[in-house]
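Working notes, structure below.
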């Protein structure tokens, strides 16, 4: 058998083997996955897998995606593929409980009508068409969860949002929030009281009730009733040992808590003014006996001032009103919020007053994750400075930023110990029931889940909304995202421990970090020169205006030959400076374009050239080997 016959047979066998492997893989390895992305973008976390394994009944997913129209939008097309592949991963791991339908809602079809009816958002393209990119999930009793439109800005939380949706549909009852409050939030105000001008519930109560069942608790009864999923503790005042013990045991047993303590509650202080020391004492709240065992403390002797985040207020003195910065009234924007936690990611600004700081204690084993922080232009200021009323000028005089970022709100997780190591507190007879002794927990049953906020004023209407009257109807207009923060926190805490454990994942779009660094370096190179030219340009313009105003002042507006010559000279300078400025900007653009061209060549051209070079070297090596073999055969013959 000659070489050519062997080569043909080898190629035939290779083709058969290739087809066989593909057929085998497509049938036998359909669910096999190999995720080589840096952040495991296509691999579900262990928490999501556990939630999928506990789904009790089938869930139907309808993924509405205008695939044909998305061809015009590469960014949406690639993200649509990412979402679809992740949804398919949910289906593969659900054990048949999750079913996926992919629907392209073309214009004027029943599919488009269904998408709109179910709450999927149509986004106009400007060509007369609308693109759909959303998800509708339903269970067997027609509960429905909807993602109106998948935003790439929220890609880091894609797995969390999808897993949360499935979790809600597998357990559709409203989570129960137990409220323990020292604030007059009036959650139990009756409709009759509202119509008769009685105390109204704070608007935050309505925002919570939209998503949760809310029950007011009397913690001093020493028990948290069964059925409470989350404790909402706001400005706790007068809690006795039995109340603290009940909260302690609730959290150790796996209950979740959202806690708002306050070194100086503006709302309470205002209500208690004129009531002396007893009234002033109600302005501060603490829960440090419990917080200390949870790894943090919130001191009541100081509040946080932040120059960059401070709000401007009207201050009056001597009959005059002026606008000044009030360092302890804060408007905290994106730079103050943790972008990697689902509670604070994508939140709008938050408004707080007289907030404190959440301090991490050493050696507790509790993980403290900041959610809300000040900037570096901040410092702790004595609470006594504001105890007798706002003092913006005095605070500004004493302000010396310490360069630190102070934590205002934090997530606490980890195994905790009881704040009552010796067991339950004794009753009024100095005894402890044997049943309570036996049920006492010294350590948590698993990692605790608590969020602590060192401010309670953010809950009051004054600090996050304005009320408007529209055609006889009262409208609530939010001016800050305070309510969103509270609902986000409760929503996150109400999930399973697997869901709470999910964090932001990476994004499929990879930023060109090196490119951006080089681009910034190129910009820096020309920035100083550009600044000098702009300053020179402004000075020349001022000089022209000055000469012209002098001519006007000297009468008649006529310029002397000397003035005309000087103005002409300055105008020439202006023209020359503008040309130099254009040259600088042109050089900057050319530098950046050159950088991009070099990188494109390195990525697009250099690698093929390297492969071609390696192939040429291998071919040359093979040719030489064949020649040596031919020469050897010739010599033998």
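In our numbering, the protein residues as written are -5 to 631.
All C-beta atoms in this analysis are idealised placements derived from N, C-alpha and C, irrespective of residue type, glycine included.
Which of the three DSSP states, helix, strand or coil, is assigned to residue 25?
Interpretation of residue 25 is limited by its pLDDT of 49, a score under 50 that renders its predicted location unreliable; no figure is taken from the coordinates.
Suppose you measure from the CA of residue 362 to the CA of residue 211; what does that come to, to the nearest Å?
28 Å
What residue from 298, 456, 169 and 344 has the CA that sits closest to residue 633's CA?
In the structure displayed, the chain extends from -5 to 631; residue 633 sits before or after that span and is not available.
Taking DSSP as the reference, what is the three-state secondary structure of residue 118?
strand
Run through DSSP, which three-state label would residue 437 get?
strand
Candidates 214, 588, 49 and 454, of which the one nearest residue 254 by Cα:
454
How many Å lie between residue 381 and residue 231 at the Cα?
Whole-angstrom Cα-Cα distance: 18 Å.
Other residues of its chain near residue 103: CB distance less than 6 Å, five sequence neighbours each side excluded
Sequence-distant Cβ neighbours of residue 103 in its own chain, meaning closer than 6 Å and more than five residues away, do not exist here.
Could you pull out every residue in the same chain whose Cβ sits closer than 7 Å to the Cβ of residue 288, ignoring the five residues on either side in sequence?
360, 406, 410, 442 and 444
Residue environment, residue 262, which counts as buried when at least 16 other CB atoms sit within 10 Å
buried
Going by the beta-carbon positions, is the gap between residue 202 and residue 484 smaller than 8 Å?
yes
Compare the beta carbon distance of residue 46 and residue 88 with 8 Å and say whether it is the shorter of the two.
With contacts defined by Cβ atoms closer than 8 Å, residue 46 and residue 88 form a contacting pair.
Give me whichever residues DSSP pairs with residue 308 in a beta bridge.
317
Touch check for the stretch 137 to 156 and the stretch 71 to 88: three-plus C-beta pairs under 8 Å?
yes
Secondary structure at residue 186, three-state DSSP: helix, strand or coil?
Per-residue confidence for residue 186 stands at a pLDDT of 49, beneath the threshold of 50, marking its modelled position as unreliable; the derived number appears in the next sentence. Note: residue 186 maps to helix in three-state DSSP.
Cβ separation of residue 367 and residue 402, assumed to be a contact under 8 Å, to the nearest whole Å:
Approximately 6 Å separates the beta-carbon atoms of residue 367 and residue 402; this is inside 8 Å, confirming the contact.
Figure out for me which residue from 433, 604, 337 and 584 has the closest Cα to the Cα of residue 446.
337
Identify every residue that forms a DSSP beta bridge with residue 666.
Residue 666 cannot be examined here, being either before or after the span of the chain that is shown, -5 to 631.
Sequence-distant residues of its chain with Cβ nearer than 7 Å to residue 116 (five each side left out)
110, 124 and 126
Please state whether the Cβ-Cβ distance between residue 205 and residue 480 is less than 8 Å.
No.
Under 8 Å: do the stretch 349 to 356 and the stretch 282 to 299 share three or more Cβ pairs, one atom per stretch?
yes
Under three-state DSSP, which class holds residue 361?
Assigned with DSSP and collapsed to three states, residue 361 falls in strand.
Tell me the DSSP bridge mates of residue 57?
96 and 129, per the DSSP bridge assignment.
Can you tell me whether residue 136 is buried or exposed? The criterion is at least 16 other CB atoms within 10 Å of its CB, across all chains shown.
exposed
Whole-angstrom Cβ separation of residue 228 and residue 450, contact assumed at under 8 Å?
5 Å
For residue 534, three-class secondary structure by DSSP:
Residue 534 sits in a helix when the DSSP states are folded into three classes.
Looking at C-alpha atoms only, which residue of 417, 322 and 345 is the closest neighbour of residue 395?
322
Give me the Cα-Cα distance between residue 457 and residue 197, rounded to the nearest whole angstrom.
11 Å
Residue range of the beta strand (DSSP E) that includes residue 299:
296 to 300
Helix, strand or coil: which one does DSSP assign to residue 159?
helix
Cβ-based neighbour list, residue 160, same chain, cut-off 8 Å, excluding 5 preceding and 5 following
These residues qualify, in order along the chain: 45, 46, 49, 53, 84, 92 and 131.
As a quick exercise: from 486, 591 and 558, pick the residue whose alpha carbon is nearest that of residue 249.
486
Which same chain residues, not among the five before or five after residue 235, have their C-beta less than 6 Å away from its C-beta?
Short of 6 Å from the beta carbon of residue 235, and not among the five residues preceding or following it, lie these beta carbons of its own chain, in chain order: 419.
I need the straight-line Cα distance from residue 459 to residue 58, nearest angstrom please.
35 Å
Roughly how far, in whole angstroms, is the beta-carbon of residue 180 from the beta-carbon of residue 193, given that I think they are within contact range, below 8 Å?
5 Å
Could you check what DSSP says for residue 254 in three-state terms: helix, strand or coil?
In the three-state DSSP reduction, residue 254 falls in the strand class (E or B).
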